Structure formats: structure tokens, C-alpha cells
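Asks:
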Amino acid sequence: MNQIKVELGERSYPIFIGTGILPKLKEMLDSIGLGRSVAVITNTTVDKLYGSQLRAILQLSAEGERFIVIPDGERYKVLKTVEGIYTRLLEVGCERNTTILAFGGGVVGDIAGFAAATFLRGVPYVQVPTTLLAQVDSSVGGKVGVNHPKGKNLIGAFYQPRLVCIDVSVLQTLPERELMAGLAEVVKYGVIWDADFFNFLAENFPKLVGLEFAMMEKVVQRCCEIKSEVVAQDEREKNLRMILNFGHTVGHALEAVTGYKRFRHGEAVALGMRSEAKMALARGFLSRTEFEKLENLLNQIKIKATLQGIETDALHSAMKLDKKVRDGKLRIVLPKKLGQVVICDDVEKPIIMVGLRYLVGDRRS
Ligand SMILES: NC(=O)c1ccc[n+]([C@@H]2O[C@H](COP(=O)([O-])OP(=O)(O)OC[C@H]3O[C@@H](n4cnc5c(N)ncnc54)[C@H](O)[C@@H]3O)[C@@H](O)[C@H]2O)c1
Ligand SMILES: [Zn+2]
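Residue numbers (this note's numbering): 229 to 593.
#1: What does the alpha-carbon distance come out to for the pair L558 and F513?
#2: Can you check which of these residues, Y387, N325, A505 and S265, is closest to F342 by C-alpha distance?
#3: The beta strand (DSSP E) that contains A267, what's its start and end?
#4: In terms of alpha-carbon separation, which member of A344, I454 and L391 lies closest to K252?
#5: Would you say V497 touches ligand 2, meaning its beta carbon is less than 6 Å from a heavy atom?
#6: Within its chain, find whatever has a CB closer than 8 Å to the CB of R591; leave out the 5 residues flanking it on each side and keep chain order.
#7: Express the C-alpha separation of M501 and E235 in angstroms, rounding to a whole number.
#8: Report yes if the CB atom of I232 is closer than 7 Å to the CB atom of E453, and no otherwise.
#9: Taking 6 Å as the line, does the beta carbon of E406 fall inside it for any heavy atom of ligand 1?
#10: Please look up how many angstroms separate the CB atoms of A481 and D573, rounded, as I've assumed it's under 8 Å.
#11: Is T359 close to ligand 1? I mean its beta-carbon at under 6 Å from any heavy atom of the ligand.
#12: Does at least one heavy atom of ligand 1 sit under 6 Å from the Cβ of V459?
#13: Measure from the alpha carbon of E238 to the alpha carbon of each residue in F474, A460, L407 and N524, then state which is nearest.
#14: Between the stretch 304-313 and the stretch 274-293, do three or more beta carbon pairs fall short of 8 Å?
#15: Within the same chain, show all residues whose beta-carbon is closer than 7 Å to that of I260, passing over the 5 residues directly before and after it, in chain order.
#16: Among K380, E406, A508 and L348, which one has its Cα closest to the Cα of Q363?
#17: Would you check if there are 3 or more beta carbon pairs closer than 8 Å linking the stretch 540-547 to the stretch 516-530?
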């Protein structure tokens, strides 16, 4: 089992990573004094797969009164679900010293973290992420929240967990499409921060797709190290943390114009990275050789959804509505080279359009 520390002063916390480490969860909680009163939040899918195992590990009753199971799906990431959670927490006598444990993918993590940030003005919480995306991204960094009818993740807080426990062996039940979506975020870390890691991924990608745990463990660890480092330097996304948005300006636009129904988030990010890499090439940042290296790796991420019917103008309009627009300026994270990016707020429209056309298969440029 490996350990990483997220350095945030008095809010610092450990991330434990390993294969088959879930049975040690109780000890981990006890070691930081959080084991005595725990309430788990999970969803129906994860509960069916791992619920009884987790109940046994945490010595919770089989009736599961402190095991709150919400329905599965992004559409339940809303305040109404959180309200239901507060009610249950109150009914079963949870107090200021109760630890909320998020057990699931990014949706469960974001909801449970938000519930923890707000219940009784904040109780400790712990992340036990079960999707690859949640293990390398959403469980680390303290962004918690829910969606609003007017947009995704508009209601939320920065609220750091007290501990993150990542057992990569639970990925064995993850549907292939979810694995691919998570791998997109993995590739992102190589591009924004670490050229050696990028090369390592390029060489070993089939092993990751084949879910070789030893390899997966290493990769998840490197991603968490990079995210921790970025978050430690800029917890509240004033500047550096924005680099984590590489692929996301176009990615979010793709999700928005398709009503958040067609793409998995990671799929949209993989496509967004292709498009934004093309912009970087057009702007003279990325060399053609490196652009092609990135393309080759991204092409190994299978994407189920099609780009059919998506228009570049609609994408451009959606980009301008994104949260990342500040003072009316569109911000795009562009790779200078593999392993290094810059945050640009002056990308000219013709260059943006080159990237968008490249994506939807219209090669006029
Ligand atoms: N807080 C952040 O910093 C941050 C960062 C990125 C994404 N997010 C959020 O994360 C969410 C997406 O997370 P996600 O991709 O994990 O989706 P998800 O939570 O919907 O999980 C995907 C699917 O996998 C299932 N699942 C989970 N673990 C499983 C397992 N071990 N075996 C089999 N099935 C399993 C889930 O039930 C679900 O059906 C979005 O809401 C997004 O906004 C948050
Ligand atoms: Zn993302």
C-alpha cells in the first residue's frame, strides 16, 4: 500500500492507494480517530457489488441504518437528493462527530462531500472512490457540489476530505466505457505536467485497458500525486489549478450541446483534448511530432458516442457560456509541449474554429 499526502496545512490529508486494501479501511479510519461513528453514502449499483463487504469491514449492522443508498445517475446529483440524505442522517442520530464516507464514483463523491460540508455546518468526510475517474480526479482536491437546472456543478463548496482510500481492485467490475472515460483524465495528467509519465502511458496503454492492477496502481498514484501537487499550490483555482481543465473547454461544450446525455464526461474530455491540441498546433505551440504522439494515444481511448449532428458554431457559443469565461474572455489551456501547458485567454477565433472543425470532421481550415 502506498501513501501520498495532500499538503494543505492543517487541512492536509493522506491518500492510500493499493490493490485489495478495502479491508484495511476501518484501521485507516481508527488511525485518525474517525472510526467510531460513520455513515456511508453509496448508490444502488455499488451497494449491490460491494455493500455487504463494506458493511462487514466497518462493522455496520446488516439492516444498514447508517448505510444510505441513493439512486444511480448524474440526474440525481441535485439538492433534493442531498435533502433526503440530511433527513436520514438526522433520523439515525448522526452528530458533529459522525464521519460521512462516500463510496462510489464521482457522482456519489460530489453529493456526499457536499452533504458533509453542509450537514451541521460541516462534518468530517472520507472518500472511497470506485470509478477510475473518481480515483484519479474527483476524490482528490475538495471540490464538492451538485447540479442546478441552469447548469452543472453550480452549487458547491471547497471542502477537503480527511482521508482518501483507493482500492484499484474494485475497478474489475467497472464497465469498459467508464474505464475509457477515466483513462482520458489519466492522459490529461501526462500532457499538463509530466512528459515522462505521458511516454510511460503511451508505452503501456494496452496494459491499462487490460486492467493490470500493478500497472493501474502506479498510474493512479502518479495522477493523484500530480493533482495533489496542483491543488496544494492553488486550492481555490485562482490560477495554476486551471491547468486541470485541459480538454475541458471544448469537452464541456460538447457535453452542453448534447444536453449532458450523449457523452461520458471523460469521453468529452478525450475529444476536447484532440481539439485543443489542434489549436495548440495551429498556434505554433505544439510541434507536429508531439501532436501526432498525442493523437496516437488518444485514439486508443474508445469512444462510444458519435459526433454526428454537432455543429462548430453551436460548440463555440457553448464555450463562451462556460464557467471558465472570466471578464468576457474565453480561457483555453493549450499544450506548449507534452508535459507543459499554458492558460490562454487570447486565442483568436480562427484558431478556435480550426480546432472545432478538426473535431467534427470538417477539414476546411
Ligand atoms: N469534484 C471534482 O473535482 C470532480 C472532478 C471530475 C468529475 N466530477 C464529477 O464526477 C461525476 C462523474 O463521475 P464518474 O465518472 O465516476 O461517474 P459516476 O459516479 O456516475 O459512475 C459511473 C457509473 O459507474 C458505476 N460504478 C461506480 N463504481 C463502480 C464499480 N466499481 N463497478 C461497477 N460500476 C461502478 C456507477 O454506479 C455509475 O453507474 C460528474 O458528476 C462530475 O461532475 C467531479
Ligand atoms: Zn474532467
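Glycine included, every Cβ here is placed at the ideal spot set by N, Cα and C.
Fair warning: this is a prediction, and the values are worked out from it, not measured in the lab.
Replies: Concretely, from the data shown:
#1: Here residue 558 is taken as the residue at index 330 of the sequence shown, counted from 1. Here residue 513 is taken as the residue at index 285 of the sequence shown, counted from 1. If I take the Cα positions, the gap works out to 18 Å.
#2: On the sequence shown, position 114 is the one that residue 342 refers to. Residue Y387 is the option with its Cα nearest to F342.
#3: By 1-based counting over the sequence shown, the position of residue 267 is 39. Its beta strand (DSSP E) spans residues V266 to N271.
#4: Taking the sequence shown and counting its residues from 1, the one referred to as residue 252 is at position 24. Comparing Cα positions, the closest option is L391.
#5: Here residue 497 refers to the residue found at position 269 when the sequence shown is read from its first residue. Remark: the C-beta of V497 is in contact range of ligand 2, defined as less than 6 Å to any heavy atom.
#6: Looking up residue 591 in the sequence shown gives position 363. Below a pLDDT of 50, predicted positions are generally treated as unreliable, and R591, at 48, falls in that range; the measurement from the model is reported next regardless. So the list reads R585, once near-sequence residues are dropped.
#7: Numbered from its first residue, the sequence shown carries residue 235 at position 7. Numbered from its first residue, the sequence shown carries residue 501 at position 273. If I take the Cα positions, the gap works out to 29 Å.
#8: By one-based count along the sequence shown, residue 232 stands at place 4. By one-based count along the sequence shown, residue 453 stands at place 225. Result yes, Cβ atoms of I232 and E453 sit closer than 7 Å.
#9: Working through the sequence shown from its first residue, we reach residue 406 at position 178. For ligand 1, at least one heavy atom lies less than 6 Å from the Cβ of E406.
#10: For the purposes of this step, residue 481 is taken as the residue at position 253 of the sequence shown. For the purposes of this step, residue 573 is taken as the residue at position 345 of the sequence shown. Incorrect: roughly 16 Å between the Cβ atoms, too far for contact.
#11: Here the question's residue 359 lines up with position 131 in the sequence shown. True, at least one ligand heavy atom lies under 6 Å from that Cβ.
#12: In the sequence shown, the residue the question calls residue 459 occupies position 231. Answer for V459: no, Cβ out of range of ligand 1.
#13: Looking up residue 238 in the sequence shown gives position 10. Taking E238 as reference, the option from F474, A460, L407 and N524 with the minimal CA-CA separation is A460.
#14: no
#15: Taking the first residue of the sequence shown as 1, we reach residue 260 at position 32. Around I260: R390 and L391.
#16: The count along the sequence shown starts at 1 and reaches residue 363 at position 135. Comparing Cα positions, the closest option is E406.
#17: no
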